[in-house]
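Quick note: the sequence shown uses full-length UniProt numbering, first residue 1, plus one each step. Cβ atoms here follow ideal geometry from the backbone N, Cα and C, with glycine treated the same way. Here is the structure we will look at, set down as structure tokens.
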Amino acid sequence: MEINKFRKNIPPSFGERVTILSIDGGGVRGVIPGVILAYLEEQLQAIDGKDARIAHYFDVIAGTSTGGLVTAMLTAPKNKDSARPLFDAKDI
Numbered sequence: 001m002e003i004n005k006f007r008k009n010i011p012p013s014f015g016e017r018v019t020i021l022s023i024d025g026g027g028v029r030g031v032i033p034g035v036i037l038a039y040l041e042e043q044l045q046a047i048d049g050k051d052a053r054i055a056h057y058f059d060v061i062a063g064t065s066t067g068g069l070v071t072a073m074l075t076a077p078k079n080k081d082s083a084r085p086l087f088d089a090k091d092i
């Protein structure tokens with residue numbers, strides 16, 4: 001098989017690295033990743049501007065249980081014509 005056939009299935013990345021954000025579940029403890037992600041997004045906005053969102057910095061975002069819900073909120077598009085996520089990390 002030709003390797004180039006499968007390259008189209010690789011997530012987009014900056015450079016040679018694929019970046020992955022994995023968010024753990026834990027029920028009520030899911031608040032902890034939410035606080036950390038809000039802080040991370042705030043720092044990214046200080047560097048890249050107020051429109052910076054966590055979803056723009058990772059190729060793959062996944063989670064289990066509560067982490068899966070957080071993942072959906074961070075990556076759901078605002079509308080069909082926008083790449084901007086519906087929720088900011090601070091909204092979670």
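**Study point:** L21 - DSSP class collapsed to helix/strand/coil
**Key:** Three-state DSSP puts L21 in a strand.
**Study point:** Simplified DSSP state of G49, which is helix, strand or coil
**Key:** Coil.
Check your understanding: At what residues does the alpha helix (DSSP H) containing A72 begin and finish?
Key -> Element bounds for A72: T66 to T75.
Practice item. Enumerate in chain order the residues of its own chain whose CB-to-CB distance from A38 is below 6 Å, with the five nearest sequence positions on each side excluded. Key: Exclusion of the five residues before and after A38 leaves A89 and K90 as the residues of its chain whose Cβ lies within less than 6 Å of its Cβ.
Point to revise | CB contact check: R84 to chain D, cutoff 8 Å | key: In the displayed structure, chain D is absent; only one protein chain is listed.
Point to revise | From V60, H56 and S65, residue whose alpha carbon lies closest to that of G27 | key: Comparing Cα-Cα distances from G27 to each of V60, H56 and S65, the minimum goes to S65.
Review point. If you run the structure through DSSP and keep just helix, strand and coil, what is A83?
Key: A83: coil per DSSP, three-state reduction.
Exercise for review: Could you please give me the residues that DSSP links to I92 through a beta bridge?
Suggested key: Partner(s): none; I92 has no beta bridge.
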